[in-house]
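Visitor:
Numbering (mature numbering (1 follows the signal peptide of the UniProt record, and there is no 0)), first residue to last: -26 to -1, 1 to 257.
1) State yes or no: is the C-beta of residue 104 within less than 7 Å of the C-beta of residue 76?
2) Evaluate residue 3 with the Cβ neighbour count: other Cβ atoms within 10 Å of its Cβ, from every protein chain shown; 16 or more gives buried, anything less gives exposed.
3) Considering residue 102, what are the terminal residues of the beta strand (DSSP E) in which it resides?
4) State the Cα-Cα distance for the pair residue 241 and residue 200, rounded to the nearest angstrom.
5) Assign residue 236 to one of three DSSP states: helix, strand, or coil.
6) Alpha carbon to alpha carbon, what distance is there between residue 129 and residue 118?
7) Could you check what DSSP says for residue 78 in three-state terms: helix, strand or coil?
8) What do you get for residue 219, buried or exposed, if any count of 16 or more other CB atoms within 10 angstroms of its CB means buried?
9) Would residue 225 pass as a contact of residue 210 if the rule is Cβ separation under 7 Å?
10) Which two residues bound the contiguous alpha helix (DSSP H) that contains residue 214?
11) Any heavy atom of the ligand NAP closer than 6 Å to the CB of residue 19?
12) Exposed or buried, which one is residue 120 when buried takes at least 16 other CB atoms within 10 Å?
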């Protein structure tokens, strides 16, 4: 327990210290948008049914002299194929989930005023952050995830392409367990390999972007296995085409691939292959 507490404290201190760094300098750039995603082929573990979801998101990214921030809040409303707690007959509106993600990158070359580029890599960063979630199902998850690790930032003509390797410490809750001690779960520490990208391009006269992320998580004990999640979208700058206002309204299609969801394998609903319709309004 002492070792676990020490690790929690260390990662928390790093995350807080890195997150506080933006106060040193004003933002050089920022992008904020409200997004909407819809799909009817989502899945949930131990559930054999496809689940329809409406997802509202608020996303903010900004950069300053020594790094950048990323914030995303997803509000997910399922249909009654994903039942809320107490809806035993599937007659309600379905489960509701809120999922919050925050990441901060500290660009080490800028901090130490030195060139850390090599090969295709233009900068090396330290990334720290957290995920939090809650969902009103019988399981009643309350994810608390801390992450920290190095990031390689690749030189691309436009946009960004990052690769990170992060130490992860996760706690969660399972309301279906019989005792209070079993309901609050602390997993073994694990590793998250992450690639994220946002690549604008022109398809003839049509301004577009290809964006997304992919995670490979190693097993985290408690009977789990490795887990893979890829969420990506191909978007058209509708605002530029229709109103001559770039980066205001985007529309497109996306895809979510989730294998061994939450590290569970061999059960119904743990593999997701879900196409989505996506909208973004930037302001």
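Where a beta carbon is used, it is the ideal one built from N, C-alpha and C, also for glycine.
Guide: The structure says:
1) yes
2) exposed
3) 95 to 109
4) 14 Å
5) helix
6) 33 Å
7) strand
8) exposed
9) yes
10) 212 to 217
11) Ligands in the displayed structure: none, and consequently the ligand NAP is not present.
12) buried
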